[in-house]
Ligand SMILES: Cc1cc2nc3c(=O)[nH]c(=O)nc-3n(C[C@H](O)[C@H](O)[C@H](O)COP(=O)(O)OP(=O)(O)OC[C@H]3O[C@@H](n4cnc5c(N)ncnc54)[C@H](O)[C@@H]3O)c2cc1C
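Numbering (this note's numbering), first residue to last: 40 to 171.
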């Protein structure tokens, strides 16, 4: 399917660590998006033609917002860091292949070991992290 550029709106943005920004964007792209995919974010700077790819960190339950977490390294990301609630933002995507949280936790598909006996998993006091 051909992707087209859409306009989203920054819902909120916080600097969560030195040069690391956490941005929630209201956008229709959230409808079909999965964490692990990415969006191309266009700058407003005409001299910086190419959009900047940023991974989708989270999609909210109602599928109306995407969360991006990024580090400022240059022209584009420094511009995005100045955005605030209400700023319009041009996006293309979602692109790439996302992962379900189960796939993200078990890249070697070891969850199958427990699929036949859910009770065994319940008894495993170490929980998910004990399986990794
Ligand atoms: C599929 C994909 C997903 C990505 N997801 C994320 C994400 O979730 N969060 C995130 O922070 N970044 C992510 N990136 C990297 C992000 O796209 C770049 O950091 C961004 O394009 C830089 O744009 P800029 O205009 O700020 O920097 P530019 O002005 O283009 O570059 C400025 C300088 O920084 C250097 N530079 C560029 N990118 C990086 C980098 N990543 N690390 C160190 N130096 C760099 C350049 O070589 C140049 O010297 C992703 C990249 C790809 C390809």
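Cβ coordinates follow ideal geometry from the N, Cα and C atoms, glycine included. Nothing here was measured: the structure is a model prediction, and the numbers come from that model.
Please say whether residue j and residue i have beta carbons closer to each other than 8 angstroms?
{"i": "residue 130", "j": "residue 68", "result": "yes"}
{"i": "residue 42", "j": "residue 132", "result": "yes"}
{"i": "residue 128", "j": "residue 71", "result": "no"}
{"i": "residue 114", "j": "residue 84", "result": "yes"}
{"i": "residue 52", "j": "residue 123", "result": "yes"}
{"i": "residue 74", "j": "residue 55", "result": "no"}
{"i": "residue 77", "j": "residue 92", "result": "yes"}
Any Cβ of chain D within less than 8 angstroms of the Cβ of residue i?
{"i": "residue 103", "result": "This model lacks chain D altogether; it includes just one protein chain."}
Excluding the five sequence neighbours on either side, which residues of its own chain have a C-beta within less than 6 angstroms of the C-beta of residue i, listed in chain order?
{"i": "residue 116", "result": "109"}
Whole runs of the beta strand (DSSP E) within the stretch 107-142, excluding any shorter than 3 residues: 127-134
Neighbourhood of ligand 1 [Cβ distance below 5 angstroms to any heavy atom], ordered by chain position: 77, 91, 92, 93, 94, 109, 110, 112, 113, 114, 115, 116
Length-filtered (3 minimum) beta strand (DSSP E) runs lying within the stretch 69-104: 77-81, 91-98
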